[in-house]
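Using the UniProt record's numbering, you'd call the opening residue of the sequence shown number 1 and step up by one each time.
Positions of the beta carbon are idealized from the N, C-alpha and C atoms, including for glycine.
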Amino acid sequence: MNGNTTENQNTYNSNHKSKKKKFFSIDFLKNLPKNIRASRVIKQQAKELEKDIVTPNSNDAISVQHLSKIFTNIVGTPFKVLDDVNFVVKKGEFHGFIGNNGAGKTTTIRLILNYYQDGFGKIFINGIDSKNKRSKDKIGYIPEISVFPKNITIFEYLYFFATLSNIDKKKAEIKVEQLMTKYGFSKDFFNKSADKLSSGQKKKILLMQALINDPEILILDEPTANLDPTARNEFFEVIKQLHKEGKTILISSHILTELEKYIDSFTILENGKVKVSGKIADKLKGKDFNYKIQTTNNSQFFEILSKEKYKLHLLKASILIEIKDAKAKTKLFTLAENSKIEIISFAENKLSLDEIYLENVKTKDTENYE
């Protein structure tokens, strides 16, 4: 590339940037009155919902009530990134916080942690307003992205956070050593820099950081992102053990097949709104058909049951059926015996977490879910 070409390119870039900046400035000013009015309306609507806030139950670890958060785009137009979000995490629960990219999961978590202080609604942590510093005393937090200083060792890093938690210096040293030993770090690692470690090891360091103050509640934002299957499974098993020890877990994740193995309650978020929330045992039950049957002749048995006015649905390899009481169940087995049809399996019809997600979320972009 010669000098003239470079000069022309620089002139073009300068003019292009100038026009772009001018465009946004004019557009911003043009829409300013309208955006101010819109912002007032949205904020008033969010504020109005706060009148329905109630005192949380004594068994609520996290109570999110009528939570709204407003952002503005590049030209000043206001929009709700969270819109009247309500859900509860009971003490001792393993709660999955589910949603596609941009659903508002991280924003909600940041409001719970009081990183954002201008949201509408109310969040209670163990009955304490989240804006009160005391509410964070028993929370441990693991962010999605791990960034570690290059010039300090793993031990120094964890020791620093221990002292921030007002732990006595000597006790802080003992606490860090205990955690590092518990989670598989030999003394050889004490003087290493965290930024040199694998993704799985870095995640363990973040976990140890979160456990320094022996929290009652652990909040994890996509903790297994970028981990290989082995490291991911190992991490979930560690969290499972912490849950068994009595810790309340709130975890956001897109790996639904993994979550389903561990969580006992969940909330699904889409476009800043809660689509469904509750106990997983209740939600995984078949919506219309509570049992699934497999027989030696599904199509024939389906015809027989149809005449008996059972609510049915024939699948390729099974029959879905609604059985309301023991009498209907007994009759079904009698019909099979009289028809010389063998019932191979008879079990509760349970949905998968993935099926519940797809049933409740309209967004077609599900490629980030496993």
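Note on geometry: alpha-carbon atoms of I293 and K316 lie some 11 Å from one another. Annotation note: the stretch 144 to 225 contains the following uninterrupted beta strand (DSSP E) runs of length 3 or greater, listed N- to C-terminal: 217 to 221.
Inclusion of K122 and Q65 in the CB contact set at 8 Å is warranted, their separation being smaller than that value. Contact check for S135 against I212 fails: the beta carbons are separated by 8 Å or more. In this structure the stretch 215 to 232 touches the stretch 140 to 159; the number of beta carbon pairs closer than 8 Å is three or more.
In the three-state reduction of the DSSP assignment, D129 falls in the strand class. Between T248 and I280, the gap from beta carbon to beta carbon reaches 8 Å or more. Counted as a single uninterrupted DSSP element, the alpha helix (DSSP H) harbouring D282 occupies residues I280 to K283. Taken through DSSP and simplified to helix, strand or coil, L49 comes out as helix. Annotation note: the stretch 240 to 309 contains the following uninterrupted beta strand (DSSP E) runs of length 3 or greater, listed N- to C-terminal: 248 to 252, 265 to 270, 273 to 279 and 291 to 295. Shown here, L320 sits in a strand according to DSSP, grouped into three states.
Straight-line measurement puts the Cα of I42 at about 28 Å from the Cα of Y357. The Cβ-Cβ distance between I112 and L269 does not fall below 8 Å. Burial state of E93 is buried, judged by a 10 Å Cβ sphere holding 16 or more other Cβ atoms. When secondary structure is reduced to three states using DSSP, L312 falls in the strand class.
With 16 or more other CB atoms across the displayed protein chains lying within 10 angstroms of its CB, F87 is buried.
By alpha-carbon distance to Y116, the top candidate from K90, N126, G127 and L67 is L67. Secondary structure at P56: coil, using DSSP grouped into helix, strand and coil.
Straight-line spacing of the CA atoms in D168 and T108 works out to 33 Å. A distance below 8 Å separates the beta carbons of F289 and E322.
For the stretch 331 to 357, there is no continuous alpha helix (DSSP H) assignment of 4+ residues that stays within its boundaries.
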